[in-house]
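With UniProt numbering, the residue at position 323 of the sequence shown is 323, and numbering never jumps.
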Amino acid sequence: MGTHQPSLPPALKYLKEDKVTEECKDLMRSLPSTDQGFLYQYQGSWIPAFSMQGVLSFHKHFQAHDTDILLVTSPKVGTTWLKSILFSLLNRARYDPNAQRHPLLTNNPHKLVPFLEIDLYSTKQVPDLTSFTSPRLLSTHLPYSLLTRSVKDSMCKIVYLCRNPKDTFVSMWHFRNSTRVNQGMNPSTIEQDFDNFSKGISPYGPYWDHVMSYWKESLEKSEKVFVLEYEKMKEQPTIHLKKLAEFLECAFSPEEEEKGVLNDILKLCSFENLSNLEVNKGGKILMVNKAALFHRGEVGDWMNHLTPEMSETLDRITEEKFHSIGLKLF
């Protein structure tokens with residue numbers, strides 16, 4: 001009789017198995033999993049099943065360049081918005097924000113600023129990155145501990161965006177249920193997902209550890225890691241866009257400021273504009289419906305969904321986690 005092969009991780013039925021190596025399958029079989037086989041606990045973080053192959057390939061093959069710019073976020077903190085801003089900011093000499101043929105008008109931001117582990121290294125173990133012009137603008141959801149040594153040791157710059165955990169959770173709950181249904185999985189109640197989130201079980205979580213890891217690096221290496229808060233960015237976008245440009249060494253000239261280039265970029269990249277573009281309304285990207293990438297883009301939406309007890313729970317966890325390092329956000 002033949003030897004018994006352990007069953008494949010449940011979530012693998014949603015993946016393209018020809019893209020998943022035996023090494024990755026064996027690893028996933030050995031890891032704790034939850035959320036209907038969607039999340040796997042890997043080196044202290046909860047990694048989505050569809051990212052596992054990309055994470056392994058990224059670790060093996062990615063070599064950072066000193067000129068790289070890496071956007072890092074937890075899911076649902078405003079990633080799509082900041083991708084569009086970074087692309088417009090860095091390419092403003094090539095593409096006027098008011099140009100009728102600006103790439104953002106015909107391309108989803110995730111196509112212009114691809115994810116390393118979800119897109120590039122998930123599709124191919126050794127993707128061809130030679131077509132990327134310098135500086136290469138790339139992104140990831142990975143916590144700092146899972147970045148490659150070349151990223152940490154090189155002079156590449158990291159832009160990190162964080163958001164109030166309450167709004168992050170609510171946006172993630174909506175998004176996760178959309179993708180669950182899309183993949184033939186059962187949706188979860190807000191109570192179920194809240195219980196997991198508050199225990200640190202969420203994509204690329206624990207969320208608080210994710211934030212703290214990059215915050216600490218920004219204190220020690222301010223020339224390398226720049227932390228933005230979604231709420232402050234929404235409240236004073238022009239001020240923070242200027243600071244971002246200065247950090248990336250592409251500051252706006254007085255002439256650009258006088259011409260209103262900052263406002264042009266912010267108008268092009270606004271939630272209202274991006275979400276109403278045809279390219280972002282229909283079809284899929286990264287296995288999800290494009291429309292699901294745009295929830296509401298508002299600050300304080302958590303008040304429409306969380307009970308007072310839920311709010312107090314997240315406040316308590318945030319205080320407990322951040323107080324020890326003097327971190328005051330949100």
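A virtual CB, placed ideally from N, CA and C, is assigned to each residue, including glycine.
By the 10 Å Cβ neighbour count, where 16 or more other Cβ atoms means buried, how is residue i classified, buried or exposed?
i	result
Arg-149	exposed
Gln-53	buried
Glu-229	buried
Val-181	exposed
Arg-316	exposed
Met-303	exposed
Asn-280	buried
Pro-6	Summary for Pro-6: the model assigns pLDDT 45, below 50, so the residue's position carries little reliability; its value from the coordinates is reported in the next sentence. The residue in question, Pro-6, is exposed, as its Cβ has fewer than 16 Cβ neighbours within 10 Å.
Ser-88	buried
His-323	exposed
Asp-26	exposed
Ser-134	exposed
What residues are listed by DSSP as bridge partners for residue i?
i	result
Tyr-42	Ser-45
Ser-139	Leu-71 and Phe-115
Glu-229	Cys-162
Thr-34	Leu-39
Can you check whether the CB of residue j is closer than 8 Å to the CB of residue i?
i	j	result
Val-225	Arg-163	no
Leu-146	Gln-43	yes
Leu-262	Leu-241	yes
Ala-49	Phe-58	no
Pro-127	Tyr-204	no
Cys-156	Ile-47	no
Thr-307	Leu-266	no
Lys-166	Ser-74	no
Ser-154	His-65	yes
Glu-327	Trp-215	Residue 327 is actually Leu in this sequence, not Glu. Yes, the pair counts as a contact, with Cβ atoms nearer than the cut-off.
Val-159	Leu-86	yes
Glu-117	Thr-80	no
residue 342	Ile-325	Look at the range of the chain in this structure, 1 to 330, and you will see that residue 342 is not part of it.
Ser-84	Leu-104	yes
Alpha helix (DSSP H) runs contained entirely in the stretch 146-170, provided each spans 4 or more residues: The qualifying runs are 149-153.
- request: Starting from the N-terminal side, write out each stretch of the alpha helix (DSSP H) that is 4 residues or longer and does not extend beyond the stretch 170-244.
  value: Annotation note: the stretch 170-244 contains the following uninterrupted alpha helix (DSSP H) runs of length 4 or greater, listed N- to C-terminal: 190-198, 207-220 and 230-235.
Should the stretch 261-281 be called in touch with the stretch 94-107, which here means at least 3 C-beta pairs below 8 Å? With the cut-off at 8 Å, the stretch 261-281 and the stretch 94-107 touch.
Point to revise | At least three beta-carbon pairs within less than 8 Å, the stretch 183-197 to the stretch 108-120 | key: Taking 8 Å as the limit for Cβ pairs, the verdict is that the stretch 108-120 does not touch the stretch 183-197.
**Report entry** Entirely enclosed alpha helix (DSSP H) segments - the stretch 86-114, minimum 4 residues
**Finding:** Segments of the alpha helix (DSSP H) lying fully in the stretch 86-114: 109-112.
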